[in-house]
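Participant:
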Amino acid sequence: PQAEHERDRLGEKPTHPANRKPVPGRSPEPEPEPEPEPEPRREAIEEEFLSAPTEVAPHAFSPAIEFRGDDDGRGGVPILAPTIHRDLVSVRKRPRVLVIHQAASTGRLIRESLENFTLAEIDQSPDTSRGFELALSRRYQLFVFALHLPDMEGPLLYELISKAYAAYREGDSRTAPGVIFVREPEDEMPPTEISRDIRVKAILTKPLSIERLLESVSQTLPMREPM
Numbered sequence: 005p006q007a008e009h010e011r012d013r014l015g016e017k018p019t020h021p022a023n024r025k026p027v028p029g030r031s032p033e034p035e036p037e038p039e040p041e042p043e044p045r046r047e048a049i050e051e052e053f054l055s056a057p058t059e060v061a062p063h064a065f066s067p068a069i070e071f072r073g074d075d076d077g078r079g080g081v082p083i084l085a086p087t088i089h090r091d092l093v094s095v096r097k098r099p100r101v102l103v104i105h106q107a108a109s110t111g112r113l114i115r116e117s118l119e120n121f122t123l124a125e126i127d128q129s130p131d132t133s134r135g136f137e138l139a140l141s142r143r144y145q146l147f148v149f150a151l152h153l154p155d156m157e158g159p160l161l162y163e164l165i166s167k168a169y170a171a172y173r174e175g176d177s178r179t180a181p182g183v184i185f186v187r188e189p190e191d192e193m194p195p196t197e198i199s200r201d202i203r204v205k206a207i208l209t210k211p212l213s214i215e216r217l218l219e220s221v222s223q224t225l226p227m228r229e230p231m
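Here the numbering used here is used: the first residue of the sequence shown is 5, the next is one more, and so on.
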């Protein structure tokens, strides 16, 4: 302190702390810590609100889907909600056919023929119980059943489905769609009351002819345009 007082008296400038020589027996003064830089101001992130779509596509891979932004009116960030064109709803209204046949090769031939030459969607099952469940859970335009199934006759299965439709459905869906029976070459012909039933579109005999199959469904299913 005396040396500093002497320098002040003589008008000398004080030496920078970094250039001062250490005084024997005296610890150097610690340098002051730099003040922390102020943190940048963060703007509040607006909360996202999911707006409820007014029309949801009937299926995840529907080709008629577009996306639009809906504002919830509360200042939230608009979220894209799926919707479907009203004029393209018919894209998903393709006729559906249920095929129940215990022979996988026969069922595959029927399914591939109808998929390639008609606009129908095909459900196929070799199991009678599973086919019965499908018939009650979906709406079909046509049935194709084996005349003789392993655990039930084809006409009996059709009658059970028809009675279930009449008892548990409403409107036009109370009436079961038409049916085509497929018989083996060694099977006896069904009774005449079955072949004369207006609901029976055809009784086909294996080996199946694709031309005969398409002819039997021509009044029920829309055909594809030739390439």
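A virtual CB, placed ideally from N, CA and C, is assigned to each residue, including glycine.
Report, in whole angstroms, the separation of the C-beta atoms of L161 and L153, which I expect to be a contact under 8 Å.
Facilitator: Between L153 and L161 the Cβ distance is about 7 Å, and since that is below 8 Å, they are a contact.
Participant: Name the DSSP beta bridge partners of A150, please?
Facilitator: According to DSSP, which records beta bridges pairwise, A150 is partnered with V186.
Participant: Mind checking whether L208 and I184 have CB atoms under 8 Å apart?
Facilitator: It is a contact, given that the beta carbons lie within the stated cut-off.
Participant: Quick check: what's the CA-CA separation for T179 versus T224?
Facilitator: Roughly 15 Å separates the two Cα atoms.
Participant: Taking 6 Å as the limit between beta carbons, can you name the residues of its chain near A124, skipping five residues before and five after?
Facilitator: Cβ within range, chain order: P99, V101, L118, L225.
Participant: List the DSSP bridge partners of I104.
Facilitator: Its beta-bridge partners are S129, F149.
Participant: For T196, collect the residues of the same chain with a Cβ closer than 6 Å to its Cβ; drop the 5 residues on either side in sequence, then sort them by chain order.
Facilitator: Same-chain partners within the cutoff: there are none.
Participant: Determine whether the Cβ of M156 lies closer than 8 Å to any Cβ atom of chain D.
Facilitator: Included in the structure is just one protein chain, with no chain D present.
Participant: Can you list, in chain order, the residues of its chain whose CB lies under 7 Å from that of A206, leaving out five sequence neighbours each side?
Facilitator: Cβ within range, chain order: I184, S220.
Participant: Relative to the C-alpha of P181, which residue among A171, E188, A139, G158 is closest?
Facilitator: Of the candidates A171, E188, A139, G158, the one whose C-alpha sits nearest the C-alpha of P181 is A139.
Participant: Which same chain residues end up closer than 6 Å to D155 when comparing Cβ atoms and leaving out the 5 residues on each side of it in sequence?
Facilitator: The residues are T132.
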